[in-house]
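Using the numbering used here, you'd call the opening residue of the sequence shown number 697 and step up by one each time. Every residue, glycine too, gets a C-beta built ideally from N, C-alpha and C. Since we're looking at a predicted model, the values are computed, not measured.
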Amino acid sequence: MADIFSKEQRHHVMAAIRGRNTKPEMLVRKFLFSRGFRYRLCHPRLPGHPDLVLRKYRTVIFVNGCFWHGHENCRYYRLPQTNTEFWQAKIERNQKRDKEKQCQLAVMGWHCITVWECQLNPKFRERTLESLAYTLNSIFLADCKVRTYEMTDSQDAMLAADSDVSYRKKGKIVE
Ligand SMILES: [Zn+2]
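This is the structure in structure tokens:
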């Protein structure tokens, strides 16, 4: 396959072939760890073998190479000039499989986040990682809200609501 890839594509393809512990994945892992997010690596029993699993956030993360996974509208996803049909079919299969696996994960109650390799280029890296942290925190907070909502039938929750009202009334009096 010496001539079918540009130098840049080739670099990305080789990174994808090496599989685990690619540089993009390591960037995400390092960032999450430094922010106190704890994860497991590639849970073998989950559909699609996600790269990272954050049980507390009910979230799985895929760190995808743009070429193999066919990142739409991405400059790294450009089909080689030779054997174009072969590559197109192959990558479309990958795209289809990715979608299927993510649907299965969603049905199982997992949030799926895909981080694309190009989003981890130095220019975009910080923004991507910050938005990843933001997304994880939002997911966590949304899950907490659901738990609070489920508790509103209980007496404790009613009491909490009442005291909240009286607190607000007090606030008005002070005004
Ligand atoms: Zn991309």
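{"Asked": "The region 824-844 in contact with the region 786-793 per 3-pair CB rule at 8 Å", "Found": "no"}
{"Asked": "Coil, strand or helix - Thr755 by DSSP", "Found": "strand"}
{"Asked": "Near ligand 1: Trp812 beta-carbon under 8 Å from a heavy atom", "Found": "yes"}
{"Asked": "Closer than 8 Å: Arg771 CB and nearest ligand 1 heavy atom", "Found": "yes"}
{"Asked": "Reduced DSSP category for Asn769 - H, G, I as helix; E, B as strand; rest coil", "Found": "coil"}
{"Asked": "Beta-carbon gap between Phe758 and Thr810 smaller than 9 Å", "Found": "yes"}
{"Asked": "Buried or exposed by the 16-neighbour rule on C-beta atoms within 10 Å, applied to Tyr830", "Found": "exposed"}
{"Asked": "Short Cβ contact (9 Å threshold) for Gly744 with Gln798", "Found": "yes"}
{"Asked": "Distance cut-off 8 Å: Gln815 Cβ against heavy atoms of ligand 1", "Found": "yes"}
{"Asked": "Beta-carbon contacts of Gln784 that lie in its chain and below 6 Å, excluding the five residues immediately before and after", "Found": "Leu775"}
{"Asked": "Buried or exposed (CB count within 10 angstroms, at least 16 for buried), Val803", "Found": "exposed"}
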